[in-house]
Amino acid sequence: MAMFTLHHTDHGYHEVAVLAYLFMLLGFAAGGIWIVLLAEATTGAAVTGVAALGLLLAATTILTVMTKRLHHDALVPDNTTVEVGHYLHDYRD
9 MAMFTLHHTD
19 HGYHEVAVLA
29 YLFMLLGFAA
39 GGIWIVLLAE
49 ATTGAAVTGV
59 AALGLLLAAT
69 TILTVMTKRL
79 HHDALVPDNT
89 TVEVGHYLHD
99 YRD
């Protein structure tokens, strides 16, 4: 079983950040369903609203903590020196 740690990875993004992004997408989807269910005024609307809020709060918390600990955006990778050199060679020389 893989352990998730907050360290810099080779590919630039972190697995837990991808999970947070998935939570964000599911939260937006649940929010849309919640708005539709509000017209019916059922208990399903309340459950879906709480689920949407919980997913969005979880995603926000994960991404905020990871951004502060990694000192860069957890989803968008930093450019490595090799990538910068490749770009400079191809487009600036």
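Per this note's numbering, the very first residue in the sequence shown carries number 9; after that it's consecutive. A virtual CB, placed ideally from N, CA and C, is assigned to each residue, including glycine. No experiment lies behind these values; they were computed from the predicted model shown.
Can you tell me whether DSSP reads L46 as helix, strand or coil?
coil
Cutting at 6 Å between CB atoms, please list the residues of its own chain near V90, excluding the five before and the five after it.
none
Could you work out which residue in A47, L96 and L30 is closest to L64 when comparing CA atoms only?
L30
Would A38 pass as a contact of T56 if the rule is Cβ separation under 8 Å?
yes
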